[in-house]
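A.B. asks: Counted from 1, the sequence shown has number 780 at position 373 by our numbering; the numbering is strictly sequential. Ideal placement from N, C-alpha and C gives every residue a C-beta, glycine not left out. Everything numeric in this text was worked out from a predicted model, so none of it was measured. First, the structure itself, so that you have it in front of you.
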Amino acid sequence: MRFSGFSVLRNALTGQSGWTPHWRKASPKPAYDVIIIGGGGHGLATAYYLAKEFGVTNVAVLEKGWVGSGNVGRNTTIIRSNYMLPGNIPFYEFSMKLWEGLEQDFNYNAMVSQRGVLNLYHSDGQRDAYVRRGNAMRLHGVDAELLDRDGVRAIAPYLDFDNARFPIQGGLLHRRGGTARHDAVVWGYARGADARGVDIIENCEVTGFRMDDGRVVGVETTRGPIGAKTVGMAVAGNSSKVAALAGLRLPIESHVLQAFVSEGVKPLIDTVITFGAGHFYISQSDKGGLVFGGDLDPFPSYAQRGSLSTFADVTENAMALMPMIGRLRILRSWGGIMDMSMDGSPIIDETPVDGLYLNGGWCYGGFKATPASGFCFAHLLARGTPHPAAAAYRLDRFATGRVIDEKGVGPSPNLH
Ligand SMILES: Cc1cc2nc3c(=O)[nH]c(=O)nc-3n(C[C@H](O)[C@H](O)[C@H](O)COP(=O)(O)OP(=O)(O)OC[C@H]3O[C@@H](n4cnc5c(N)ncnc54)[C@H](O)[C@@H]3O)c2cc1C
């Protein structure tokens, strides 16, 4: 089934009876060439690109819950490539380029909206840091514009420019950044992978690894053992737990990150805005709700709900940035388990266990990375060598000291 203007019209005239399920309810086969653990955005994007770009179709994606039940269905949907460090910019820009053609590529409306991402600055020092970041971006072919106060006012006149503690001096604008509909992204990848023969097996938790002479030859699951020549982990907040089943200890901590949505209001914010004096980001969904978030909870946790102290901190940030938000009611909030690496950057690499590969450590930034992460992990699984865009995301960088510390705060996951 392909989506097109014609198919929408035909179904409108025939009682919407022509739509078929997006993917089959596959049952596990005895063995596959590749098993991917985790049916989130990264796992399904990996399966999609394995089949589409590398011709590997004897693939199963094993998901312990349902497709989209993890962070891919819980995030604040921001996509951007406004990074600064050499290891990061090419990867996130590769991802942005894939976003720009994604809907045509997998024939699904993922509501990719390049509405711009505006990072505010509130001091001379912060402006200088943004000039440096903007120059690094431009050197790598990423768009960046430094705005003064009037430039920001033209985009977002409702901000508190003269806040006594954090007056707004200007902002760094990344026009090609924006948002995408998070669950449509994972559904689009699932649909595209399934159409190319990938088995998506939901309610199938991996509980152990089958080993032969130190090599992974399959997995134990709640639906029985399944053999595999190659196994890739893409389980986000559960990375440490799943890796421990193979005897691995990862440089990753799991923390909860919360998101909040207000009641719907008329169009107000037509870009993504981040507060420079705290950790706070906000955009408006197409349904009208203001979608926002801030820091993750500072302590490790596997609970998919957050603490009140972080909620208070996020709303204080919101009030400092745009006091009129205090008149709105919060409609919903939720939490997701984040896989925070020790330098705040991801890992796409082989592990010390033969046949077992890792995609994890995505921290706050994994949604925007979904297309490139899937592409690069598929490259690694199919060819056994890192994709050039992800060449810096090696696991051994924590041993060699070649960390990619975008924020410069050292091995403190809660500060990234
Ligand atoms: C509140 C919040 C806001 C965020 N905002 C943004 C944002 O604005 N922009 C951005 O770029 N990123 C954001 N992120 C981060 C982003 O959502 C994640 O980094 C990304 O979704 C992680 O990759 P994933 O989609 O594969 O993870 P997930 O969707 O979590 O997929 C992992 C899957 O693995 C499954 N699994 C776990 N253990 C097993 C097992 N043993 N067996 C089988 N399956 C298993 C889980 O059930 C899950 O479905 C946010 C995250 C949260 C929580």
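When the distance is taken between beta carbons, is I485 closer than 8 Å to K775?
C.D. replies: Position 368 of the sequence shown, counted from the start, is the residue given in the question as residue 775. Position 78 of the sequence shown, counted from the start, is the residue given in the question as residue 485. Yes.
A.B. asks: Within the present structure, is the beta-carbon of F410 separated from the nearest heavy atom of ligand 1 by less than 7 Å?
C.D. replies: By one-based count along the sequence shown, residue 410 stands at place 3. Incorrect: F410 has no Cβ contact closer than 7 Å to ligand 1.
A.B. asks: Secondary structure at Q576, three-state DSSP: helix, strand or coil?
C.D. replies: Your numbering for residue 576 matches position 169 in the sequence shown. Coil, per DSSP.
A.B. asks: Locate the alpha helix (DSSP H) running through I562, then write down its first and last residues.
C.D. replies: As a first step, residue 562 is located in the sequence shown; it is residue number 155 there, counting from the start. Note, I562: alpha helix (DSSP H), 556 to 562.
A.B. asks: I need the straight-line Cα distance from M503 to V760, nearest angstrom please.
C.D. replies: Residue mapping note: residue 503 aligns to position 96 of the sequence shown, counting from 1. Residue mapping note: residue 760 aligns to position 353 of the sequence shown, counting from 1. About 32 Å.
A.B. asks: Is I811 helix, strand or coil by DSSP?
C.D. replies: In the sequence shown, residue 811 corresponds to position 404, counting from 1. In the structure shown, I811 sits in coil (DSSP, three-state: anything other than H, G, I, E or B).
A.B. asks: To the nearest whole angstrom, what separates the beta carbons of G696 and L738, a pair I think is in contact under 8 Å?
C.D. replies: Position 289 of the sequence shown, counted from the start, is the residue given in the question as residue 696. Position 331 of the sequence shown, counted from the start, is the residue given in the question as residue 738. Indeed they touch by this definition, with Cβ atoms about 6 Å apart.
A.B. asks: So what does DSSP say about H395, is it helix, strand or coil?
C.D. replies: Examination of residue 395 is not possible in this model, given that the chain is present from 408 through 823 alone.
A.B. asks: Looking at V613 and V626, is the spacing between their C-beta atoms short of 8 Å?
C.D. replies: Position 219 of the sequence shown, counted from the start, is the residue given in the question as residue 626. Position 206 of the sequence shown, counted from the start, is the residue given in the question as residue 613. For V626 and V613, yes; Cβs fall inside 8 Å.
A.B. asks: Less than 7 Å between C-beta atoms, sequence neighbours within five positions excluded: which residues of the same chain meet that for R481?
C.D. replies: Stepping through the sequence shown from its first residue, residue 481 is reached at position 74. Here the set comprises A666, W741, G743.
A.B. asks: Using the three-state DSSP reduction, which class does A776 fall into: helix, strand or coil?
C.D. replies: Indexing the sequence shown from 1 puts residue 776 at position 369. Looking at A776 - three-state DSSP - the assignment turns out to be helix.
A.B. asks: Could you have a look at D720 and say whether DSSP puts it in helix, strand or coil?
C.D. replies: Within the sequence shown, the letter at position 313 stands for residue 720. Three-state DSSP puts D720 in a helix.
A.B. asks: For M491 and R583, what's the separation of their Cα atoms in angstroms?
C.D. replies: Counted from its first residue, the sequence shown places residue 491 at position 84. Counted from its first residue, the sequence shown places residue 583 at position 176. So the alpha carbons of these two residues sit roughly 16 Å apart.
A.B. asks: According to DSSP, is M731 helix, strand or coil?
C.D. replies: Here the question's residue 731 lines up with position 324 in the sequence shown. M731 falls in the helix class under three-state DSSP.
A.B. asks: Between the Cα of E500 and the Cα atoms of G477, L509, L527, H547, which residue gives the shortest distance?
C.D. replies: Your numbering for residue 500 matches position 93 in the sequence shown. Minimum Cα distance to E500 is reached at H547.
A.B. asks: What are the uninterrupted segments assigned as beta strand (DSSP E) that are 3 or more residues long and contained completely in the stretch 597 to 669, given in chain order?
C.D. replies: 606 to 608, 613 to 619, 622 to 628, 633 to 640, all fully within the stretch 597 to 669.
A.B. asks: With three or more C-beta pairs closer than 8 Å as the rule, is the stretch 701 to 712 touching the stretch 598 to 610?
C.D. replies: These segments do not touch.
A.B. asks: Could you give the DSSP three-state label for S424: helix, strand or coil?
C.D. replies: On the sequence shown, position 17 is the one that residue 424 refers to. It is coil, neither helix nor strand.
A.B. asks: Which same chain residues, not among the five before or five after P632, have their C-beta less than 8 Å away from its C-beta?
C.D. replies: Locating residue 632 in the sequence shown gives position 225, counting from the first residue. Excluding residues within five positions, the ones whose Cβ falls inside 8 Å are R617, G625, V626.
A.B. asks: Just reading off the beta strand (DSSP E) that N766 is part of, what are its end residues?
C.D. replies: In the sequence shown, counting from the first residue as 1, residue 766 sits at position 359. Looking at the DSSP string, the run of the beta strand (DSSP E) that includes N766 is 763 to 767.
A.B. asks: Take T717 as the anchor and find which of N821, E507, G808 has the nearest alpha-carbon.
C.D. replies: Here residue 717 corresponds to residue number 310 of the sequence shown, with the count starting at 1. If we check each option's Cα against that of T717, N821 comes out closest.
A.B. asks: Is H581 a contact residue of ligand 1, with contact defined as CB to any heavy atom under 7 Å?
C.D. replies: Position 174 of the sequence shown holds residue 581. H581 Cβ: outside cutoff for every heavy atom of ligand 1.
A.B. asks: Cβ of T745 within 7 Å of any heavy atom in ligand 1?
C.D. replies: Position 338 of the sequence shown holds residue 745. At residue 745 the sequence reads Met, which differs from the Thr that was named. True, at least one ligand heavy atom lies under 7 Å from that Cβ.
A.B. asks: Given P793, which residues of its chain have a CB within under 8 Å of its CB, disregarding the five upstream and five downstream residues?
C.D. replies: Within the sequence shown, numbered from 1, the residue matching residue 793 stands at position 386. So the qualifying residues of the chain are I755, D756, C783, H786, L787, Y800, R801.
A.B. asks: Take I689 as the anchor and find which of A563, H429, D440 has the nearest alpha-carbon.
C.D. replies: Taking the sequence shown and counting its residues from 1, the one referred to as residue 689 is at position 282. The shortest Cα separation from I689 among A563, H429, D440 belongs to A563.
A.B. asks: With burial defined as no fewer than 16 other Cβ atoms inside 10 Å of the residue's Cβ, what is the status of W594: buried or exposed?
C.D. replies: Residue numbering aside, residue 594 sits at position 187 when the sequence shown is read from its first letter. With 16 or more Cβ atoms within 10 Å of its Cβ, W594 is classed as buried.
A.B. asks: If we ignore side chains and look at the alpha-carbon of each, how far apart do G772 and T421 end up?
C.D. replies: In the sequence shown, the residue the question calls residue 772 occupies position 365. In the sequence shown, the residue the question calls residue 421 occupies position 14. The alpha-carbon atoms of G772 and T421 are separated by roughly 42 Å.
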